[in-house]
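Structure, as structure tokens:
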Amino acid sequence: MQQIFNDMIKQDVKPFLSRHGFTKKSLTFSKRTESLVYIINFQKSSGNSADNVMFYVNCGIYAAELAQLQSGKIATEPKEAECHFRARIREIAVSAPDRFAITSDTNGDDLSETLLNGLTEVLHFFDTKTSARSIADYYIAGPYLHLGEESFHLLLQAKDTIAAGQYLRALREKYGSEARWTIFEKKYKMIFDQYGVNFDS
22 MQQIFNDMIK QDVKPFLSRH GFTKKSLTFS KRTESLVYII NFQKSSGNSA
72 DNVMFYVNCG IYAAELAQLQ SGKIATEPKE AECHFRARIR EIAVSAPDRF
122 AITSDTNGDD LSETLLNGLT EVLHFFDTKT SARSIADYYI AGPYLHLGEE
172 SFHLLLQAKD TIAAGQYLRA LREKYGSEAR WTIFEKKYKM IFDQYGVNFD
222 S
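All letters in the sequence shown, in the order written, are residues 22 to 222 by this note's numbering.
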């Protein structure tokens, strides 16, 4: 089963992703632009055996601009776990399973087709994320707390106070009743104050 997995990565996945500008290092494929790094990582399950190989496909986008806002440090070789956007393939490609499995009953051609179809959807999704702001907009639309501080910095740096206010109100409506909200609200107010923008609390 392990050989089937290795062959699939070598014969199907690597050529497919290489055609789209990705390079391979171990089980991680990455593609760089001027400001972003796109990552597709194959993670084998810890419970694998000779008769059963299970694996996940993790997708990520690392943005130098967001890293600069977070810590002032930019990773030269970011790992999937360091990405600012992170998702399993199923979260992007609804036709793909959350976890792939290779057993004695697995049809290798069907498995490869399902995987490559899912990766095609991932690449289309990646094509819509071309900047730090587009990544932030994904979480702003949620609205999600993830990247909240960085998103407010991006919005207020761009003097987009209307969008910042809308995001703040959406977060407050979604999370305002939770005990942890006061912690986030204090952080957000400090950011608004930093840019001299009124924080309507």
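C-beta: ideal position from N, C-alpha, C; glycine also.
query	result
Reduced DSSP secondary structure (H/G/I, E/B, other) of Ala85	helix
Arg154 classed as buried or exposed, judged by whether at least 16 other C-beta atoms fall within 10 angstroms	buried
Cβ-Cβ distance between Leu48 and Lys31 below 9 Å	no
Inter-residue Cα distance where the pair is Met211 and Tyr159	23 Å
Residues bridged to Val74 [DSSP beta-bridge criterion]	Ile123
Which of helix, strand or coil DSSP assigns to Ser56	coil
Opening and closing residue of the beta strand (DSSP E) in which Ala108 lies	106–109
Short CB-CB distance (under 9 Å) between Val34 and chain D	No chain D is part of this structure, which consists of one protein chain only.
For Ile95, three-class secondary structure by DSSP	coil
DSSP-derived helix/strand/coil call for Lys100	coil
CA nearest to the CA of Gly42, picked from Asn69, Ile60, Ala96, Glu142	Ile60
Contact under 9 Å by Cβ, Arg193 with Glu206	yes
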